[in-house]
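Notes follow once the structure below has been shown.
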Amino acid sequence: MQTPDEARTRVASFEIFLTRFLDDDGRPLCRLPAAARRPQRLLHAYRLMARIRAFENKAVALQRTGQLGTYASGLGQEAVNAAIGLGLARDDVYLGNYRECGVPLARGVPMAQILQYWGGDERGMAWPRTVPAFHDFPFAVPVASQVPQALGVAYAMQLRHEKRATLVTCGDGASSKGDFAEAVSAAGVWKLPVVFVIINNQWAISLPRSRQCAAVTLAQKGLAGGIVGEQVDGNDLIATCHVIETALARARSGAGPQLVEALTYRLADHTTADDARRYRDAAEVDTARKHDPLARLHAWLEAQCGFTAQDETRLQAEVAAEVGVAVKTFLATPAPPPEALFDALYAELPPALHAQAFAAAGGGEA
Amino acid sequence: MQTPDEARTRVASFEIFLTRFLDDDGRPLCRLPAAARRPQRLLHAYRLMARIRAFENKAVALQRTGQLGTYASGLGQEAVNAAIGLGLARDDVYLGNYRECGVPLARGVPMAQILQYWGGDERGMAWPRTVPAFHDFPFAVPVASQVPQALGVAYAMQLRHEKRATLVTCGDGASSKGDFAEAVSAAGVWKLPVVFVIINNQWAISLPRSRQCAAVTLAQKGLAGGIVGEQVDGNDLIATCHVIETALARARSGAGPQLVEALTYRLADHTTADDARRYRDAAEVDTARKHDPLARLHAWLEAQCGFTAQDETRLQAEVAAEVGVAVKTFLATPAPPPEALFDALYAELPPALHAQAFAAAGGGEA
Amino acid sequence: MARRKAAEVTLVEAINLALHHEMARDENVVVLGEDVGANGGVFRATVGLQEKFGPGRVIDTPLAELLISAMAIGMATQGLKPVAEIQFSGFMYSCLDQLANHAARLRHRTHGRITCPMVIRAPNGGGIHAPEHHSESVEAFFAHVPGLRVVVPSTPARAYGLLLAAIRDPDPVVFLEPARCYRLFREAVADDGIAAPLDTCFVEREGTDLTLISWGGMMHEVRIAADQLAADGVDAEVIDVATLKPLDTQTLVASVAKTGRCVIVEESPRAGGWASEIAAELAEHAMMNLFAPIARVSGYDTIMPLARTEARFIPDVGRILSAVRKTLEIAPLG
Amino acid sequence: MARRKAAEVTLVEAINLALHHEMARDENVVVLGEDVGANGGVFRATVGLQEKFGPGRVIDTPLAELLISAMAIGMATQGLKPVAEIQFSGFMYSCLDQLANHAARLRHRTHGRITCPMVIRAPNGGGIHAPEHHSESVEAFFAHVPGLRVVVPSTPARAYGLLLAAIRDPDPVVFLEPARCYRLFREAVADDGIAAPLDTCFVEREGTDLTLISWGGMMHEVRIAADQLAADGVDAEVIDVATLKPLDTQTLVASVAKTGRCVIVEESPRAGGWASEIAAELAEHAMMNLFAPIARVSGYDTIMPLARTEARFIPDVGRILSAVRKTLEIAPLG
Ligand SMILES: Cc1ncc(C[n+]2csc(CCOP(=O)(O)OP(=O)(O)O)c2C)c(N)n1
Ligand SMILES: Cc1ncc(C[n+]2csc(CCOP(=O)(O)OP(=O)(O)O)c2C)c(N)n1
Ligand SMILES: [Mg+2]
Ligand SMILES: [Mg+2]
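Structural data, given as structure tokens:
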């Protein structure tokens, strides 16, 4: 007869995969997918990443000179932000957090508005009807709270038999919140058209990934909800585009939800109010810089697409000009008037609030 | 060169096992662990299960005759409740929910007090200092809320280098709540001495397990936190004792947390206020009855330990007598006085509440 | 449905009627929550909906209240009109983060780009001998949140009309139903699809001697108290607040200005209950008309007790009458 | 530490001092929260603690506020004295379920068998130009929960003494620190381990003409207003409520009975704010002594705005003075 240990039956088994196409020097590790070999596309992606980086750097500079509020830079995460921005179709809906400014930038939101938001003016989230991001959610600040909201969006798409997808990002830290787990689990139940992307930048303020969660990968959090989870090198633009496009296509086709863990690194302090030297080694950051997503794609473009130093200079100049204009517009925007407090609070301001609104506008004590 | 799909690296793999020792007719499927072969132990366990079942049946009967409030019967779940009650050491701490009355019963709580609680009297949770359950938590009614609390208990044990364990149960439904996921994840980080037991009775009121979560097993929810997860046939007392004892021993020894999914079935309505015929097939319940945990252990005892029909009759009579005495005590207990509202609200009643307490006691409007 | 005119229904049947009506009228209305489908809701408020409108629009969710509220938000942003049910209001705390940090602010944060027309409903209050944690009164938590509406019906007809209004409202509404009144009495309710006005108190009974203010489950005791007072020759004005937030202070002030006395009755714990908000508004805007202190009759600042003692917690007619008597004594009726 | 006498410290330094003191004095005290360890807390309230007391007692938690509150509960039941930090009060809604359904009731539910001596602290309120959701005022949500204490210090010395008292208290305490005052001014605080009394208001300044009542961050503006009033010959009594729950109504009533006028100042949105509770208590117990309506100066019933407009939301000295003036006008000083 079997021993008790032998009598155990295996009832399930799982594997988690990591996708990576380019090595740190931008050399291919495998034959690239067809889409990834189109130079125009890659140049377009590179330009987007350059725009995001220029924006991130400028935002921090503005904060340092007292012209912007606290800012959470996405430095180092440009590839995954760009991949998401490029993967999303106009009709898809995106929900993300404070550090993912790159996505709305990719989705047409004027730079000046993003600055306006971080400058402390709500109108920075009143995005124009004409941009693809128009239906995207405003930045989520309460960590992970956006994740279960994505399910409602995806549910509406499914109910209406639309071929659209919802994509929601959150951080490695966010994946510890119950909000995240409730969403992943329910997405599996209804096979909703939603793609969860954990942007694992290895830190949640001062907590390193290793002390955030004992799981080998965060991708395996999908298993808790019975959905596919996989890792991608989030600093490898080509791989990330491939994985995210595939996941979005699956979702749109009705094949169900997916979880992608994009491995990247937060090169900046948590925010401009933070000093990461208190809790993380300079050496670690130096190492991480070697995996810079822009450098890697740049190397590929040079090697494979004839991208030259002049091309780079021109690109940088264009991007700097765009940022410059945005900063001017931002700085020229006057503060909202006091009565803005009551703007769009309800569809119609309830009579109960008229006196307060009058007082706030300077009309006398409420 | 490899294709993109071949270039994916496997970074993790997992297996989930199910332990089952007895078949539905109580015949061994493997050589049983030594501890499980001690007839005295098994008889003791069987008696405990019989006590629990008698209690469950009487509680429902009392409710049906207007002598008890709404009651959530654990009918069919006696084996896992008994296994937990038996596995816990006196110094361990248990947290569970409304349906797990079997555990406090096993841990010495007087039946009359459990009835008192369900009869609408808080004093039913003021367990005597002398019983092993003294440090156990009161029943949790907000589903899953007890699970993260267990981490604090386990953390205290770890901090003090005690060789104690915390065990917390919750339902299959409860495993969808964020509370559960936050706890499992954090337990892994600190390797806390905590055992999570999901009592998967296949239903959360009207929602079947299949629509609660798309994961093949609930045990795999442990993977999200990087902790061991396994299944056990929760109607197989011997297997469940083995798995739970092993997990508790691991926890006490400092080897870390574990998740156990005990497969069982809710034979009763959700509560006495529920009518399960609205949403589940009679045929399913009939099938489930064939896996009755008491019948199975009874068959084993007859075959292996010389347990006779007279033994059974005597046991049932003893148990009925115990329940009868408890019911009498319960019914004879007067309602709490009105001022009990203010009892033990704070360590000392703040002066701000004196007037209210006076009024409640009939001394005039607060 | 539309043919069924002015049937005598209970409050919970009126809720069900309104849900049926609105789901038939507007295909964007969806219902979600625990056990709302085949089981028809633990209080039977959603009975028959899934049969009629299918599991796509009447959605049994996994056991996760935060998720339910968050999903409703996501749905609402897409033009659906979700009506989420939380099984008991004591399990709504998990929704507060989503409601306060998101539902209540999406319109404002985006200057109207994204809106959140959702309803989240739950049975509220005690008196039904339910298990622990099933008898909480939570209205004040939600009514403190700017951007939300909080509505509490007290009769079948108002439940029907106010729920329709809540679903049609373009902003988020927390709709708390007095569980104790679910089957307490019947009332003729015409299934005519006519919404009741939000943001307004209902003066149920006019009177000149004092104003009795309440909402939800306590209205029942207040009405009995008013009848007894009438028998004693005291002419009480009775107001059902109905929409707690935003609060129709004007109607309340007008009444108190007329009567000069008021007693506010609520079930929830006293400190920070909504009666305090009403008292504060009256103390600011009607004080000069008051002959007597503003009295509140509330639950105590204790844990809502289990079944055997809950009647001691919930204000009864006796406590209301004794507060009224005290109020009348202080400055005798002119 | 014990040698450091009456140093001039900021409010956040006083918090840190109290934590150091109590962790040294009582080995059962543990600190947990996000970034409280090596990083010393995002406001530096826990700086130096992990170095001194080790990572076992100064615990960096994963990012999960519900967990933090629930863990504190579990720890407290085992005789530890957890002091949990929530990074900003706007992220405390996730804790409400655990606090209201468990922490606040464990003692009562078990008739004293299980107790919950924990503190949960968070920076509260605006005025620091923080990002969205980082400037909320949440005291009223917690103060409505029976079984909790809610304490809000307004000076370094009170922060030190009240935090010690909160940690030593055998019941759960929500401790909300006015972020705006963390570094606003310094005050001499002796690190003498002497706790300040809980459950009592502090009459900071005696006066006869009217009573100014406030707590936390707004005390700063209230003190300036009182100074300006004094310069104008108006003698205001100033009360720092400090413990909002349970509320020391007696001290407030006594003051208002003396002055006959009062203005209550708070930062949180007006409807359902704690100023309403205080106004209600005064309207019930001090009305016959009042010469003028009870005035509240509060934040508006709007979403707490972003940095560029937040100063419009938070009551300023001007708004306080104009409410005072109105109060004084109605019935001129005797
Ligand atoms: C619910 C909640 N808790 C705490 C915070 C404060 N906070 C802001 S960002 C952050 C860390 C987030 O880490 P992660 O999810 O990894 O995202 P990252 O910042 O690295 O992009 C914390 C704790 C918050 N915004 N929301
Ligand atoms: C947070 C919360 N939500 C809802 C309820 C109402 N409710 C009580 S039991 C239950 C189902 C629980 O299912 P499961 O976790 O599988 O445990 P079981 O009842 O099957 O033992 C629900 C929804 C509750 N008590 N708590
Ligand atoms: Mg991170
Ligand atoms: Mg179950």
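Protein chains in written order, with the numbering used here: chain A, 93 to 458; chain B, 93 to 458; chain C, -8 to 325; chain D, -8 to 325.
Ideal Cβ placement from N, Cα and C applies to all residues, glycine included.
Just so you know, these numbers come straight off a predicted model, no measurement behind them.
For A:V233, the shortest separation between its Cβ and any heavy atom of ligand 1 lies below 7 Å.
In this structure, B:A257 lies near B:D184, with their beta-carbon atoms less than 8 Å apart. For D:R140, no alpha helix (DSSP H) segment is defined; the enclosing uninterrupted segment is the beta strand (DSSP E) at 140 to 142. Contact annotation, D:V244 with D:L273: C-beta distance approximately 7 Å; criterion of less than 8 Å satisfied. For a Cβ distance threshold of 8 Å, nothing in chain A lies close to B:P131: the least Cβ distance comes to about 18 Å. Residue contact with chain C for D:M278: present (Cβ-Cβ distance below 8 Å to some residue of chain C). Every unbroken stretch of the alpha helix (DSSP H) spanning 4 or more residues and falling wholly within the region 369 to 421 of chain A is given here in chain order: 374 to 381, 385 to 397. In the same chain as A:K150, and ignoring 5 residues on each side of it, the C-beta atoms closer than 7 Å to its own belong to V415, V419, in chain order.
Residue environment for A:A246: buried (at least 16 other C-beta atoms within 10 angstroms of its C-beta). By alpha-carbon distance to B:A427, the top candidate from B:L393, B:V352, B:Q402, B:Q159 is B:Q159. Interface criterion not met: the Cβ of D:F193 is under 8 Å from no Cβ in chain A.
The region 304 to 321 of chain A makes contact with the region 313 to 327 of chain B, as at least three CB pairs between them are under 8 Å.
Of all residues in the region 278 to 301 of chain C, none places a beta-carbon less than 9 Å from a beta-carbon of chain A. Assignment of D:C253 by DSSP, reduced to helix, strand and coil, places it in the strand class. Contact between A:A146 and A:A412 holds: their C-beta atoms lie close to 6 Å from each other, under 8 Å.
Neighbours of C:A274 in chain A, taken as residues whose beta carbon is under 7 Å from its own, are absent, since the nearest beta carbon is some 15 Å off.
Per DSSP, D:K236 lies in no alpha helix (DSSP H); the unbroken beta strand (DSSP E) holding it starts and ends at 234 to 236. In this structure, the C-beta of A:G161 stays at least 7 Å away from each heavy atom of ligand 1. In the same chain as D:A187, and ignoring 5 residues on each side of it, the C-beta atoms closer than 7 Å to its own belong to R149, G152, L153, A156, in chain order. Look at B:C122: its C-beta is under 8 Å from a C-beta on chain A. DSSP, read as helix, strand or coil, puts C:V213 in helix. Under the DSSP assignment, A:F106 falls in the beta strand (DSSP E) whose first and last residues are 101 to 111. Two segments are said to touch when three or more pairs of C-beta atoms, one from each, lie closer than 8 Å; by this definition the region 32 to 40 of chain D does not touch the region 210 to 230 of chain D.
Pairwise C-beta distances place the region 4 to 14 of chain D in contact with the region 41 to 51 of chain D, as three or more of them are shorter than 8 Å. By DSSP's assignment, C:T202 forms a beta bridge with C:E228, C:C253. When A:P300, A:S298, A:N189 are compared, the shortest CA-CA separation from A:V260 is found for A:N189.
Look at A:R191: its beta carbon is less than 7 Å from one of the heavy atoms in ligand 1. Ranked by how close their Cα comes to the Cα of B:I144, the residues B:Q132, B:P125, B:A175 have B:A175 in first place. In the displayed model, A:D264 falls within coil according to three-state DSSP, outside both helix and strand. A residue is called buried once 16 or more other Cβ atoms fall within 10 Å of its Cβ, and A:P240 is buried on that count. Between the alpha carbons of C:A248 and D:G117 lies a gap of roughly 37 Å. Annotated as distal: B:P220 and B:I206, with beta-carbon spacing of 8 Å or more. When the Cα atoms are used, A:Q350 and A:A387 turn out to be separated by approximately 29 Å. Scanning chain A for C-beta atoms nearer than 7 Å to the C-beta of C:M210 yields nothing, as the closest lies near 21 Å away. Going by DSSP, C:A131 is part of the alpha helix (DSSP H) stretching over 130 to 134.
D:N7: member of the alpha helix (DSSP H) spanning 2 to 16, first to last residue.
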